[in-house]
Amino acid sequence: MASTSNFRLDSASSETAINDDSDGQIDLVGGPFAVIESDPGVFTSLTRKLGVKHLEIVEVCDIEPWAIDHLHPYGLVFCFRWKKSASWLYSLPSSEGRPGAASV
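Heads up: the sequence shown runs through residues 1 to 104, numbered per full-length UniProt numbering.
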């Protein structure tokens, strides 16, 4: 199942993600947002079309230094809104009772 995210094309403050054309067609590119696949290959292709060379977009599962330092990233692209109170955050297993887990 492919997921999509909204890619901001300009700095307008519109809340609309997709615009309807007058003929009922959905405009995926001409509005303030474009609906694109949330896939590293799509972002790599997009940056190449913008003229960026020798750059590859990769997916990361965490933004902690241990997870991304070996990649030597130039930056991070966040495709989805992050909520501090995300329920999955509190369902992670604790390191209690695991000697050495805190030092990893």
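Don't be surprised by glycine CBs; every beta carbon is placed ideally from N, CA and C.
Point to revise | C-beta contact flag for Val77 and Ala67 at 8 Å | key: no
Review point. Buried or exposed: which applies to Phe80, given that a residue is buried once 16 or more other Cβ atoms fall within 10 Å of its Cβ?
Key: exposed
Check your understanding: So Ile63 packs on Pro40, CB below 8 Å; how close in whole Å?
Key -> Contact flag wrong, Cβ pair sits at about 15 Å.
Review point. CA-CA distance, Ser5 and Glu37?
Key: With a pLDDT of 44 at Ser5, under the threshold of 50, the predicted position of this residue should be treated as unreliable, and no value is reported.
Check your understanding: How is the alpha helix (DSSP H) around Gly75 delimited, first residue to last?
Key -> Where Gly75 is concerned, there is no enclosing alpha helix (DSSP H), given that its DSSP letter is neither H nor E.
Point to revise | Range of the contiguous alpha helix (DSSP H) that encloses Lys53 | key: Where Lys53 is concerned, there is no enclosing alpha helix (DSSP H), given that its DSSP letter is neither H nor E.
**Study point:** Pairwise C-alpha distance: Val42 and Val52
**Key:** 14 Å
**Study point:** Three-state class that DSSP yields for Pro65 in the structure shown
**Key:** helix
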